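Take a look at the structure set out below.
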Amino acid sequence: MARIVLASYLIRFPMGGYQSWILQWLLGFRQLGHDVYFVEKAAWENACFDPNTGQSSDDPSAGIRVVSDLLERFGLAGKWCFVERSGRHHGLSRSRVQEVFRSADVFIDNVQHCEWWEEAQACQRRVLVDGEPGYRQIRMEKALASGATDAFPTFDFHFTVGRNVGTSSSSAPTAGRTWHPVFDPVVPELFRTAPPPLDAAWTTVTSWQVHQELEHNGVVYGQKDMEFERFMDLPQRVDAPVELAIAGRRVPRARLESAGWRLRDAHSVTRTLDDWRTYIAGSRGEFSVAKNVFVATNSGFFSDRSAAYLASGRPVVMQDTGFSAHLPCGDGLFAVTNVEEAAEAINRITADYDHHSRAARAIACEHLDAAKVLPAFLSTIGL
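Under my numbering, the sequence shown has 161 at position 71, and the numbering climbs by one with no breaks.
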């Protein structure tokens, strides 16, 4: 049994999608018999989002209530620590969390804000998991070029959910690191597979703009808003309703609605883990574009959100980022590059929905299950 310390972004933004993402890493390790801890710090001003008010501040109380209850519900009570910007510790005490780091076999930074870098020096191994392939490496490359090496310290192992990064298939830079591929793990039993309602829509949970545009070698990389233009008239090409649970900046709501998209507030429908699972279960499947940087670099990115749809038996039609080289496509999962392909995929699924629903669940269980993903991950780092 290994002792694993996982750092990420959850108490600061305690929404259902984030809960699902991190919980599956934690439960996946625990189900393999490992001793797992979750740690998080508020390292900048107004870092903590309160879903009840929609405001950010230095007060982590809303996130602490949500996450402490969540971890207790799944048998991880007493296995977490949050440090306020003031230095106040919640959950594990300062001395206890230092003891955990000293005895840990591995520290995993699943967001790379590097708040725990000093404590992580006591661990036997330090591992980065990159969830923003292309974007992360470009930022690292720029930091290295400017001499700001402390902003992106070198870990013992670097993983990315962009499965093409570091290969000839992707134009993303490597910033001098060796990148190992990994899927975000799925715990299939967290998701029920009952048939969807008869009037269920194709849905996704998305952000319009999150990051600023980023330039590298003369190319400007953007977010989902750039890619969405290719698929704007999809609702007019399919018989089923198509819905976006959307957040982010500069959302062109009037234009989207006039094109036939149904709009929901992403924060309202995914407040909790149960809300997240209920929204997915109430969907016919997922249609999603990807961030421009994921597509333009052919990163091989595949979303933990799309994995949750698959695990729920909901077929996925997703803009191809290069993931089609690593997951079976054509039954339950379709990689598309334009609106014509997206409409054709949705119509094919509609014509034989039960088949594609079973295939979706099978992909999650055969390729994304934490019981398969995480042993390979640990083997790579020598555990």
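Ideal Cβ placement from N, Cα and C applies to all residues, glycine included. A quick note: this is a predicted structure, and the numbers were derived from the prediction, not measured.
The continuous beta strand (DSSP E) containing residue 249 extends over residues 247-250. In this structure, residue 196 keeps its C-beta atom at 8 Å or more from the C-beta atom of residue 98. When rounded, the separation of the alpha-carbon atoms in residue 150 and residue 310 is 36 Å.
When Cβ pairs closer than 8 Å are counted between the two stretches, the region 346-366 is seen to touch the region 105-116, the count reaching three or more.
Using a C-beta cut-off of 8 Å, the region 161-180 makes contact with the region 127-138, since at least three inter-stretch Cβ pairs fall below that distance. Listed as beta-bridge partners of residue 97 by DSSP are 129 and 199. Contact between residue 296 and residue 346 does not hold, since the beta-carbon distance rounds to 11 Å and is not under 8 Å. For residue 118, the enclosing alpha helix (DSSP H) covers residues 106-121. Taking the C-beta atoms as reference points, residue 247 is found no nearer than 8 Å to residue 226. Taking a cut-off of 8 Å for Cβ pairs, the region 305-325 and the region 140-155 do not touch, as fewer than three such pairs fall below it. By the C-beta criterion, the region 399-418 is judged to be in contact with the region 453-466, since at least 3 inter-stretch pairs fall below 8 Å. Annotation: residue 298 to residue 160 spans about 28 Å, alpha carbon to alpha carbon. If you compare the alpha carbons of 331, 461, 294 and 328 with that of residue 337, the shortest gap goes to 294.
Under the three-pair Cβ rule at 8 Å, the region 371-382 does not count as touching the region 238-253.
Rounded to the nearest whole angstrom, the CA to CA distance from residue 177 to residue 392 is 36 Å.
Straight-line measurement puts the Cα of residue 291 at about 16 Å from the Cα of residue 434. Look at residue 366 here: in three-state DSSP terms it is helix.
When Cβ pairs closer than 8 Å are counted between the two stretches, the region 440-452 is seen to touch the region 415-423, the count reaching three or more.
The residues 132, 135, 136, 137, 138, 174, 175 and 176, in chain order, have a CB closer than 8 Å to that of residue 148 in the same chain once the five nearest residues on each side in sequence are set aside. Around the CB of residue 199, 16 or more other CB atoms lie within 10 Å, so the residue is classed as buried. Inclusion of residue 412 and residue 261 in the CB contact set at 8 Å is not warranted, their separation being larger than that value.
Within 10 angstroms of the beta-carbon of residue 340 lie fewer than 16 other beta-carbons, which makes it exposed. Excluding the 5 residues flanking it on each side, residue 124 has same chain C-beta neighbours closer than 6 Å at 91, 92 and 94, in chain order. In the three-state scheme derived from DSSP, where H, G and I count as helix and E and B as strand, residue 267 is classed as coil. Around the beta carbon of residue 344, a 10 Å sphere encloses fewer than 16 other beta carbons of the protein chains shown; the residue is thus reported as exposed. Exposure of residue 183 is indicated by the presence of fewer than 16 other C-beta atoms within 10 angstroms of its C-beta. Going by DSSP, residue 417 is part of no alpha helix (DSSP H) at all; its letter is neither H nor E.
Rounded to the nearest angstrom, the Cβ distance from residue 275 to residue 464 is 6 Å, consistent with a contact under 8 Å. Cα atoms of residue 387 and residue 427: separation of roughly 14 Å, rounded to the nearest angstrom.
Nearest C-alpha to residue 461 among 179, 111 and 118: 118. For residue 287, the CB contacts under 7 Å within the same chain, skipping 5 residues up- and downstream, are 372 in chain order. In this structure residue 284 is exposed. Its beta-carbon is surrounded by fewer than 16 other beta-carbon atoms within 10 angstroms. Around the Cβ of residue 307, a 10 Å sphere holds fewer than 16 other Cβ atoms; the residue is exposed.
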